[in-house]
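Counting with the numbering used here, you get residues 233 to 628 for the letters of the sequence shown.
A short write-up of the structure that comes next.
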Amino acid sequence: MSETTKDLYTENMIINMGPSHPVTHGTVKFLVTLDGEKIVDMKVDIGYLHRGFEKMCENSTWEQVMPFTDRLNYVSPLINNVGYALAVEKLIGIDVPERCKYIRVIACELSRIADHLTNIAASAMEMGAMTAFLYFVEAREFIWDLIESFCGARVTTNYVRIGGLKNDLPDGFKEKTLHALAEVRKFWDDVNKLLTKNRIFIDRVRNTGTMPPEEAISYGFTGPCLRASGVPYDVRKAHPYLIYDQLNFDIPVGEQGDNFDRYLVRMEEIIQSTRIVEQALEQIPKGPINICSPEYRWQPKEAVYDKIESLIFHFKTVVEGIKPPNGEIYFPIEAANGELGFYLVSNGGGKPYKCRVRPPCFPLTAAMPRMVKGGFIADIIPTFDLINMIGGECDR
Numbered sequence: 233m234s235e236t237t238k239d240l241y242t243e244n245m246i247i248n249m250g251p252s253h254p255v256t257h258g259t260v261k262f263l264v265t266l267d268g269e270k271i272v273d274m275k276v277d278i279g280y281l282h283r284g285f286e287k288m289c290e291n292s293t294w295e296q297v298m299p300f301t302d303r304l305n306y307v308s309p310l311i312n313n314v315g316y317a318l319a320v321e322k323l324i325g326i327d328v329p330e331r332c333k334y335i336r337v338i339a340c341e342l343s344r345i346a347d348h349l350t351n352i353a354a355s356a357m358e359m360g361a362m363t364a365f366l367y368f369v370e371a372r373e374f375i376w377d378l379i380e381s382f383c384g385a386r387v388t389t390n391y392v393r394i395g396g397l398k399n400d401l402p403d404g405f406k407e408k409t410l411h412a413l414a415e416v417r418k419f420w421d422d423v424n425k426l427l428t429k430n431r432i433f434i435d436r437v438r439n440t441g442t443m444p445p446e447e448a449i450s451y452g453f454t455g456p457c458l459r460a461s462g463v464p465y466d467v468r469k470a471h472p473y474l475i476y477d478q479l480n481f482d483i484p485v486g487e488q489g490d491n492f493d494r495y496l497v498r499m500e501e502i503i504q505s506t507r508i509v510e511q512a513l514e515q516i517p518k519g520p521i522n523i524c525s526p527e528y529r530w531q532p533k534e535a536v537y538d539k540i541e542s543l544i545f546h547f548k549t550v551v552e553g554i555k556p557p558n559g560e561i562y563f564p565i566e567a568a569n570g571e572l573g574f575y576l577v578s579n580g581g582g583k584p585y586k587c588r589v590r591p592p593c594f595p596l597t598a599a600m601p602r603m604v605k606g607g608f609i610a611d612i613i614p615t616f617d618l619i620n621m622i623g624g625e626c627d628r
């Protein structure tokens, strides 16, 4: 240090990043301490979205909770629907028909593809790669068209029901799906060529936001971010549910646990999800999609119109709510961002006594300071993008 510089007075700069779009997606604030452009310290404030999901659930009947789950991860709402339904079904002690299981898996994997497409597209856009964003958003349209065809909605789906599904798949769904997946693969090839060996993209994401496997486990990482750190944990393999143990698919893992590995893992998971959907469409059996237990599964509308018994059951389950036995359960599934778990407590009434959701995004966002300290302020953007924080999940 020269005589001139050692006498200069300097101090760190403290700045607020967020809560605002596009940097922090409107629901998170970073208090960043900077030495020039280098991050000396960071504090993260996660809670700027207060909708009271859990308390709303506890003041609604068990079935009325389903639309609320759409708003948790609103990029892949069908997975939330399935996770909640499986939790309630475990609490009751019922098992849905085989065809219903296959359709739920198809719905989940289509949602996972849409989620990964959205994440990679938005991450690329916020780093300046607008073309990749446009390609993957167009690919997502094919998936959303499929979702709309079987449940009538594109984002807030409300498709799954406790004990079954709202309706069966439409005619010609298999052919439409295979065509859509083929189109998605074409866009996947284009984005793969645009980004995976792009020198500018690699320089932005390689060796940034690094998280070693031991610390990832300690922080509670799950999903693509944990697998990017080299830990091959996936709820679909570790604790199989529905019919995942009957399907062949691989679990991609990274080596360095940085933002580039998170990108690569999601890219490969898109391909694995297409494999799962194609197998499920090939193997799906015929049969009912709902259980035959009117005390738990809402009656078909035509039966309500024609049969007094169905009308009575419909009235009781809508007005009073279904009544699972006393007990408590926790049920995890593999959502697009990691382990999504529902902890439910029943006191035998028509409403959940306690509903607690374990969101994948919360521990990922809490670990942001660990991942960016020592890096540069520009590293915050790709790191925050590629943990794929969804504000609705973090709602408290």
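A virtual CB, placed ideally from N, CA and C, is assigned to each residue, including glycine.
Residues sharing a beta bridge with residue i, DSSP
{"i": "P240", "result": "Note that residue 240 corresponds to Leu in the displayed sequence, not to Pro. None, per the DSSP bridge assignment."}
{"i": "M274", "result": "V264"}
{"i": "F608", "result": "K270"}
{"i": "N248", "result": "L263"}
Whole-angstrom C-beta distance between residue j and residue i, which should lie under 8 Å
{"i": "S381", "j": "F419", "result": "About 19 Å; that fails the 8 Å criterion."}
{"i": "N522", "j": "C332", "result": "7 Å"}
{"i": "L485", "j": "G462", "result": "For the sequence presented, residue 485 should be read as Val rather than Leu. Contact flag correct, Cβ pair sits at about 6 Å."}
{"i": "D302", "j": "N390", "result": "6 Å"}
{"i": "A599", "j": "Y451", "result": "4 Å"}
{"i": "F368", "j": "V423", "result": "6 Å"}
{"i": "I554", "j": "E286", "result": "The Cβ separation is near 19 Å, so there is no contact."}
{"i": "V604", "j": "M274", "result": "6 Å"}
{"i": "T440", "j": "G607", "result": "6 Å"}
{"i": "I394", "j": "E321", "result": "6 Å"}
{"i": "Y473", "j": "L318", "result": "6 Å"}
{"i": "I503", "j": "L323", "result": "Not quite, the Cβ-Cβ distance comes to about 35 Å (not below 8 Å), so this is no contact."}
Given residue i as reference, the closest of the options once Cα atoms are compared
{"i": "A567", "options": "D611, G606, L458 and V550", "result": "L458"}
{"i": "C593", "options": "L618, I483 and R436", "result": "L618"}
{"i": "G570", "options": "R283, M288, P251 and N312", "result": "N312"}
{"i": "V173", "options": "H253, Y528 and D347", "result": "In the structure as shown, the chain begins at 233 and stops at 628. Residue 173 is therefore absent and cannot be evaluated."}
{"i": "G559", "options": "Q296, G325 and I246", "result": "G325"}
{"i": "N291", "options": "V604, C587 and K605", "result": "C587"}
{"i": "G531", "options": "N399, I561, L263 and D482", "result": "According to the sequence shown, residue 531 is Gln rather than Gly. When each option's Cα is compared against that of Q531, the closest is N399."}
{"i": "R590", "options": "P464, G573, P517 and D627", "result": "G573"}
{"i": "A460", "options": "I379, P472, D435 and L596", "result": "L596"}
{"i": "E500", "options": "Y537, I352 and G553", "result": "I352"}
{"i": "L263", "options": "E625, D403 and I609", "result": "I609"}
{"i": "H257", "options": "I622, K533 and K270", "result": "I622"}
{"i": "I335", "options": "G519, I613 and D611", "result": "G519"}
{"i": "E625", "options": "N248, D273, R393 and G284", "result": "G284"}
{"i": "P557", "options": "G395, G582 and A535", "result": "G582"}
{"i": "L397", "options": "C524, Y585 and L266", "result": "C524"}
{"i": "L266", "options": "V260, N248, Y473 and T409", "result": "N248"}
{"i": "E269", "options": "M288, P472, Y473 and M245", "result": "M245"}
{"i": "A470", "options": "E321, P526 and P564", "result": "P564"}
{"i": "P464", "options": "L474, L413 and A448", "result": "A448"}
{"i": "M298", "options": "G279, V392, L410 and K261", "result": "V392"}
{"i": "G250", "options": "T242, G279 and A414", "result": "G279"}
{"i": "D505", "options": "V551, D538, E552 and R417", "result": "The amino acid at residue 505 is misidentified as Asp; the sequence shows Ser. It is R417."}
{"i": "I379", "options": "L401, F300 and R602", "result": "L401"}
{"i": "H411", "options": "R431, D377 and I434", "result": "D377"}
{"i": "Q515", "options": "E330, D627 and P614", "result": "E330"}
{"i": "A414", "options": "F453, R507, E552 and K425", "result": "R507"}
{"i": "P644", "options": "K261, E534, F365 and T428", "result": "Lying outside 233 to 628, the shown extent of the chain, residue 644 is not represented and no answer is given."}
Neighbour flag for residue i against chain B, beta carbons, 8 Å
{"i": "F368", "result": "The chain inventory of the structure shown lacks chain B, comprising one protein chain alone."}
* Asked: Does the region 536-543 come close enough to the region 383-396 that 3 or more CB-CB pairs lie under 8 Å?
  -> In this structure the region 383-396 does not touch the region 536-543; the number of beta carbon pairs closer than 8 Å is below three.
* Decide yes or no for the touch test of the region 365-380 against the region 436-453: beta carbon pairs closer than 8 Å, at least 3 of them. => Judged by Cβ distances under 8 Å, the region 365-380 makes no contact with the region 436-453, as fewer than three pairs qualify.
* Completely contained alpha helix (DSSP H) runs for the region 479-519, where each covers 4 or more residues -> At a cut-off of 4 residues, the continuous stretches assigned as alpha helix (DSSP H) that sit fully inside the region 479-519 are 491-515.
* Asked: Quick check: the region 490-502 against the region 599-619, are there 3 or more CB pairs under 8 Å?
  -> Three or more Cβ pairs closer than 8 Å define a contact, and the region 490-502 meets that threshold against the region 599-619.
* To do: Starting from the N-terminal side, write out each stretch of the beta strand (DSSP E) that is 3 residues or longer and does not extend beyond the region 371-450.
  => Fully enclosed beta strand (DSSP E) runs of 3 or longer: not present.
* To do: Decide if the region 576-588 is in contact with the region 350-366; the criterion is three or more beta carbon pairs, one per stretch, under 8 Å apart.
  => No contact exists between the region 576-588 and the region 350-366.
* Three or more C-beta pairs below 8 Å linking the region 478-492 and the region 506-519 -> Touching, yes.
* Asked: Does the pairing of the region 333-353 with the region 303-311 give three or more beta-carbon distances under 8 Å?
  -> Touching, yes.
* Asked: At which residue ranges does the region 537-607 contain complete beta strand (DSSP E) runs of 3 or more residues, listed in the order of the chain?
  -> Annotation: the region 537-607 contains the following complete segments of the beta strand (DSSP E) (minimum length 3 residues), in chain order: 559-567, 570-578 and 586-590.
* Asked: Hey, which unbroken runs of the beta strand (DSSP E) at 3 residues or more fall wholly within the region 328-359?
  -> Runs found: none.
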